[in-house]
Each structure stands twice: as structure tokens, then as C-alpha cells.
Amino acid sequence: MTKKITKIMAQKRSGRYNVYLDDKYAFPISESVMIKFRVFKGMEVDEALAAEMVAADDISKAYTRALDYLSHQLRTEKEVHDKLRDEEIDEPVITATMQHLRELNLLSDEQYAAAYVRTAKRTSDKGPRVIRQKLRQKGVGEQLIDDALAGQFTADDRLENATDAAKKLAKRYHNQAFKTMQQKIRQGLMTKGFDSEIITAAIADLALEPDIDEQWDALVSQGEKLWRRNRKYAFSERCQRTKRNLYQKGFLMDDINRFIDEQVADD
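Residue numbers for the sequence shown follow the UniProt record's numbering, so the first one is 1 and each next one is one higher.
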């Protein structure tokens, strides 16, 4: 059954219109759909054409929402898909919208991965493993992640970033036993996502050497706390516990014995 468009009324929202068939409200459409179907007053519309216009408008609305979501920053296909799904848009409409975005080069996981790695390399101290995990969570495929890391985060870049991170960690843990400081630097770099080869090279680049005075000050600071904590034990056990605790913290036994001797002399 064919009906005639008797009125096209603009909505308050810019670019949106209400279509009336035979003087009765029928459906809303966007300006882009009006242009696509060359909608005009007096146009004859059958049920199939009306359904086609409504479907096109659904895609147009989804496209507008996707563009708004993309306007703030780059997004992955998974992020856009999930956003449209959260808007309770039907899956076929989402599929058509995603395809339209791809055709216009507005949605590309390849571009997203490259940009993400490039930014992470420049602004963070995260290594490849953490970056890979973040991209996985955003739905980027393994091959695209591999390509982005290979193209944007070279071995030299990784070593430079790891060395910078190692310097910060060394500063943070400088009041620890030298052995413990080295362990914490290594653990910190592993947590940040660098591989063992890069970590070893970064630590080597620092050319760390124990500062005798700093190490003694650190031992005394921690040793005095332990000595007080262990005062409830008999004297010999107090000494043994304090020695064991300090050794576990990475201090040298000669320095530990010296500290204990000084505590014994003071007592």
C-alpha cells in the first residue's frame, strides 16, 4: 500500500525531521537520510521504502553516536562496538555502522595500535609486555600489536625507556641494601613490562656501585629498628634474629657483625 508524504517537520534537534504520511506521523529521519532517498513533500512511499528509510535512519543515528564517541580520542573497534551496544543499538545496525566507519577510515585498529604504542613510548615508562596487555584489553589483535611494537618501539627505544625507569627506581630504593636495591630495580622493570635482556642491559648501563657510607647508614637505620623490635628476646637470640633479618634484607655479613658489636658495646 502506497502513502504520500504530506508534511516534513523539523525537530528541535538540528538535522532531524518528522515525516508524515497521509497527514499522520510516520517516522523520524535525519537530514542525511532525506538527501540519500531524495525525500520531498508529495513523494509516494510504500511499506518497503518506509522500512528502508527507517533502517537507514537507525544507522545514521548510530553513526552520529559513534562519531561523537570518536571525537574525543582514537578508539578500537571493540570500544566502539561496546559503546553502541551499551546504547542498546541492534547488532545488525552496529555491524553496518562499523563498516561505514571503516570505509571512511575513521576506525582502524592498525592505526590505533600504532598511535597507542607511539604515545606510550613517549609519555610512559611501560615496556612492551604491559603495552601488549593494554592493547589486548582494548580488543586489538595479536598481529596488529606485533606490527605496532616492531614499527614504533625499537630495541633502542626499549633500552632507553628501561634505563630511564631504572634510574628512577634506583633513586627510590637507594636507602636499601645494595643487593636489595638491584633486586627491586629488576622486579620493578619486570612489572613495567620489559623483558629480561633489556632489563639486564639497562641495569648495566647504570653502572651501579655501592656507596659505602650510604650502605652503612641504611644498615644502621634498619638495624636499630630491628634491634628494638627484638628486645623481648634473650640477648643471644636477639642478636641472631637481628643478624638474620638484616641478612635477609641484603646487607653484607661483615657490616652486620660490626653493627651487632656496636649494639653489644652500647648495651
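Idealized CB from N, CA, C, for every residue including glycine.
Quick check on DSSP: helix, strand or coil for P92? Helix at P92.
Can you have a look at Y17 and say buried or exposed, based on whether 16 or more other CB atoms are within 10 angstroms of its CB? By the neighbour-count definition (other C-beta atoms within 10 Å, threshold 16), Y17 is a buried residue.
What residue does the beta strand (DSSP E) around V19 start on, and which one ends it? Here the beta strand (DSSP E) through V19 covers R16 to L21.
For V45, three-class secondary structure by DSSP: Residue state, collapsed to three classes: strand.
Using DSSP's beta-bridge definition, name the partner residues of I198. None, per the DSSP bridge assignment.
Taking 8 Å as the limit between beta carbons, can you name the residues of its chain near L159, skipping five residues before and five after? I198, A201, A202 and D205.
Is D125 buried or exposed, if buried means 16 or more other CB atoms sit within 10 Å of its CB? By the neighbour-count criterion, in which 16 or more other beta carbons inside 10 Å mark a residue as buried, D125 falls on the buried side.
Taking just the CA atoms, how far does L208 sit from G188? One C-alpha to the other measures close to 16 Å.
Would you say the region 83-98 touches the region 148-157, given that touching needs at least three Cβ pairs under 8 Å? The region 83-98 vs the region 148-157: no contact.
What is the DSSP secondary structure of K232, counted as helix, strand or coil? In the structure shown, the three-state DSSP call for K232 is coil.
Can you give the Cα-Cα distance for S196 and R65, rounded to whole angstroms? The alpha-carbon separation between S196 and R65 amounts to approximately 44 Å.
Once you ignore the five residues that flank K78 on each side, which residues in its own chain have a CB closer than 7 Å to its CB? Within the same chain, K138 and G139 come within 7 Å of K78 by CB-CB distance, once the 5 residues on both sides are set aside.
Give me the Cα-Cα distance between L144 and Y116, rounded to the nearest whole angstrom. In this structure, the CA atom of L144 is about 12 Å from the CA atom of Y116.
Nearest-angstrom Cβ-Cβ length linking Y63 and T97, presumed shorter than 8 Å: With 8 Å as the limit, Y63 and T97 qualify as a contact, their Cβ atoms being about 5 Å apart.
So within the region 93-136, which uninterrupted alpha helix (DSSP H) runs reach at least 4 residues, ignoring any that extend past its ends? Complete alpha helix (DSSP H) runs here, min 4: 109-123.
Which whole-angstrom value is the C-beta distance of Q215 and F178, which I expect to be below 8 Å? About 6 Å separates the beta carbon of Q215 from that of F178, a gap short enough to meet the 8 Å contact definition.
Option in E110, K61 and I185 with minimal Cα separation from residue 268: The structure shown has nothing for residue 268, since the chain only spans 1 to 267.
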